[in-house]
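Some notes on the structure that comes next.
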Amino acid sequence: MSMKKPEGRLAILLPGLGAVATTLIAGVDLIRRGQARPIGSLTQMGTARLGQRTEKRAVPIRELVPLASLDQVVFGAWDAVAEDGEQVARRSRVLEPADLEAAAEALRAIRPRPAVFDARRVPRIRANNLCPATTHRERVAALRQDIRDFKRDLEADRAVVVFMASVETLEPAPACAATLAEFEAGLDRSDPGISPTMLYAYAALSERAPFVNGTPNLSVDLPALQALARSLGVPIAGKDFKSGQTMMKTVLAPMLKARQLGLAGWFSTNILGNRDGEVLDEPQAFKSKEVTKAGVLDTILQPDLYPDLYGDFTHKVAIHYYPPRGDDKEGWDNIDIFGWLHYPMQIKVNFLCKDSILAAPLALDLALFMDLASRMGWKGIQEWLSYYFKGPMVAEGLYPEHDLFIQLSKLKNTLRAIAGEPPITHLGLEYYGDDLPLPDR
Ligand SMILES: NC(=O)c1ccc[n+]([C@@H]2O[C@H](COP(=O)([O-])OP(=O)(O)OC[C@H]3O[C@@H](n4cnc5c(N)ncnc54)[C@H](O)[C@@H]3O)[C@@H](O)[C@H]2O)c1
């Protein structure tokens with residue numbers, strides 16, 4: 003297998019020019035100009051150990067594998083609201099005034115293309131920048147043309163689509179999503195079960211652009227779109243960025259299991275005042291989020307293997323829209339656990355985070371890794387990027403791996419494999435020679 007070098011520009015195309023998107027664009031601009039460090043980004047700051055610990059070899063990830071550099075990255079976006087990047091960033095109140103001023107030009111340059119949008123699925127957004135197409139086929143054609151225009155106007159050689167538009171209300175997957183042929187017949191008759199997110203994904207894959215789903219919306223998790231990705235040879239990844247409370251959950255729950263401590267209940271609640279919070283205030287939109295947020299504990303704790311510890315715990319997750327806080331989300335977790343002799347204990351977590359500050363570097367890493375996957379000719383689900391998602395997609399028959407540190411090992415071992423380096427198993431017996439012999443077999 004040969005790999006194309008990351009030559010020329012990479013267009014990162016963003017359905018949804020909101021708080022996360024503008025924080026990403028401003029951040030890349032400031033970092034590129036030496037005014038900030040890429041904190042939170044594994045591709046820019048992370049290292050990987052190679053070989054044995056005695057060798058003391060650790061290399062930056064961006065030197066281990068050939069990633070596009072930040073100087074090669076350009077941005078384009080779609081949004082249902084006709085505001086440029088600077089207006090969105092000002093309204094979103096994530097960035098400090100000095101950073102906003104410094105990145106204003108780069109943000110102003112981003113004028114969103116008209117969105118493929120369904121007001122029934124995102125009722126809280128007052129849309130005024132909509133693609134005029136009236137059928138699904140026309141919508142797909144418009145989005146495909148947009149992708150080609152973005153590449154031409156931005157003088158980009160390649161494009162990656164990172165979906166970060168609003169959460170859609172939870173609806174069952176349309177019956178036509180079972181196979182690609184049925185889905186395409188659904189496009190022909192503008193099946194109302196096919197959502198905008200699915201149309202963005204279909205258009206991106208048709209243009210051979212890798213598609214990342216940063217939201218809980220249904221899209222490339224559907225068999226029809228997975229089949230399209232495989233048949234066209236395009237990588238896909240999702241879903242729902244794992245940025246705040248769920249990240250904490252996927253660190254703390256493995257700790258409980260590692261120590262064989264029991265769980266009686268996990269109560270998680272948040273207050274959040276940004277537009278995402280407003281959209282999630284809609285009960286059916288929150289249901290979409292609840293699915294990815296709630297799924298992690300069962301998979302990590304494996305109640306079937308540990309019925310005494312995890313066979314009967316209560317898990318509650320709530321998000322409250324509270325405008326004064328803007329993007330400064332506050333998450334509380336109350337965790338009721340039990341130990342030796344069934345004695346109860348409690349853990350309290352109070353995470354005062356900034357939602358978009360946590361999510362932006364994840365989006366950047368995903369774009370760069372998906373471009374790498376694409377240049378290697380990898381297609382379909384990129385499970386090695388599970389590290390970034392609340393609801394990681396996996397091949398049929400597998401359960402997802404949610405533990406953050408197992409996900410990180412998987413990611414780094416994948417990078418080692420790409421670089422032709424052996425994986426690190428952490429067995430480590432070789433350091434102890436004859437002191438720790440294994441039994442003869
Ligand atoms: N910030 C985080 O930590 C985090 C974590 C996980 C997932 N997410 C998800 O990422 C997405 C973006 O978050 P945000 O805080 O930037 O939200 P936001 O509300 O600021 O931005 C979303 C944007 O999408 C636009 N939009 C809605 N439907 C659209 C469509 N069909 N086409 C194009 N644009 C459309 C809206 O007008 C809005 O500008 C949300 O779905 C959120 O749930 C965020």
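Positions 3 to 443 (the working numbering) are the ones given, in order, by the sequence shown. Don't be surprised by glycine CBs; every beta carbon is placed ideally from N, CA and C. If you're wondering where the values come from, they're calculated on a predicted model, not measured in any experiment.
Is the CB-CB distance between residue i and residue j below 9 Å?
i, j, result
"residue 87", "residue 110", "yes"
"residue 369", "residue 214", "yes"
"residue 45", "residue 63", "yes"
"residue 41", "residue 112", "no"
"residue 299", "residue 334", "no"
"residue 415", "residue 331", "no"
"residue 403", "residue 412", "yes"
"residue 286", "residue 270", "no"
"residue 22", "residue 388", "no"
"residue 444", "residue 230", "Nothing about residue 444 can be read from this structure; the chain reaches only from 3 to 443."
"residue 211", "residue 196", "no"
"residue 315", "residue 307", "no"
"residue 253", "residue 189", "no"
"residue 284", "residue 126", "yes"
"residue 421", "residue 67", "yes"
"residue 375", "residue 158", "no"
"residue 220", "residue 339", "no"
"residue 424", "residue 53", "yes"
"residue 11", "residue 76", "yes"
"residue 149", "residue 395", "no"
"residue 265", "residue 312", "yes"
"residue 417", "residue 431", "no"
"residue 318", "residue 172", "no"
"residue 203", "residue 163", "yes"
Under a Cβ-count criterion, where at least 16 other Cβ atoms within 10 Å of its own Cβ denotes burial, should residue i be classed as buried or exposed?
i, result
"residue 343", "exposed"
"residue 71", "exposed"
"residue 117", "buried"
"residue 147", "exposed"
"residue 37", "exposed"
"residue 272", "buried"
"residue 165", "buried"
"residue 223", "buried"
"residue 373", "buried"
"residue 9", "exposed"
"residue 128", "exposed"
"residue 185", "buried"
"residue 115", "buried"
"residue 15", "buried"
"residue 50", "buried"
"residue 428", "exposed"
"residue 153", "buried"
"residue 255", "buried"
"residue 227", "buried"
"residue 177", "exposed"
"residue 407", "exposed"
"residue 249", "buried"
"residue 401", "exposed"
"residue 199", "buried"
"residue 327", "buried"
"residue 341", "exposed"
What are the start and end residues of the alpha helix (DSSP H) that includes residue i?
i, result
"residue 106", "99 to 110"
"residue 360", "357 to 377"
"residue 352", "Segment 346 to 354 is the beta strand (DSSP E) holding residue 352; no alpha helix (DSSP H) there."
"residue 64", "63 to 66"
"residue 92", "87 to 94"
From which residue to which residue does the beta strand (DSSP E) around residue i run?
i, result
"residue 56", "Taken as a continuous stretch (DSSP letters only), residue 56 belongs to no beta strand (DSSP E), as it is neither H nor E."
"residue 335", "332 to 340"
"residue 237", "237 to 240"
"residue 22", "Segment 21 to 34 is the alpha helix (DSSP H) holding residue 22; no beta strand (DSSP E) there."
"residue 11", "11 to 17"
"residue 165", "158 to 165"
"residue 274", "264 to 274"
"residue 316", "316 to 323"
"residue 190", "Unbroken run through residue 190 is the alpha helix (DSSP H), 182 to 190; no beta strand (DSSP E)."
"residue 78", "75 to 81"
"residue 49", "49 to 52"
Throw me the rounded Cβ distance for the residue i and residue j pair, which I believe falls under 8 Å.
i, j, result
"residue 82", "residue 131", "6 Å"
"residue 124", "residue 168", "5 Å"
"residue 321", "residue 282", "5 Å"
"residue 242", "residue 216", "7 Å"
"residue 6", "residue 377", "4 Å"
"residue 25", "residue 362", "4 Å"
"residue 144", "residue 31", "Their Cβ separation, rounded to whole angstroms, is 28 Å, which puts residue 144 and residue 31 out of contact at 8 Å."
"residue 444", "residue 160", "Residue 444 lies beyond the range of the chain shown here (3 to 443); nothing can be said about it."
"residue 329", "residue 295", "Their Cβ separation, rounded to whole angstroms, is 18 Å, which puts residue 329 and residue 295 out of contact at 8 Å."
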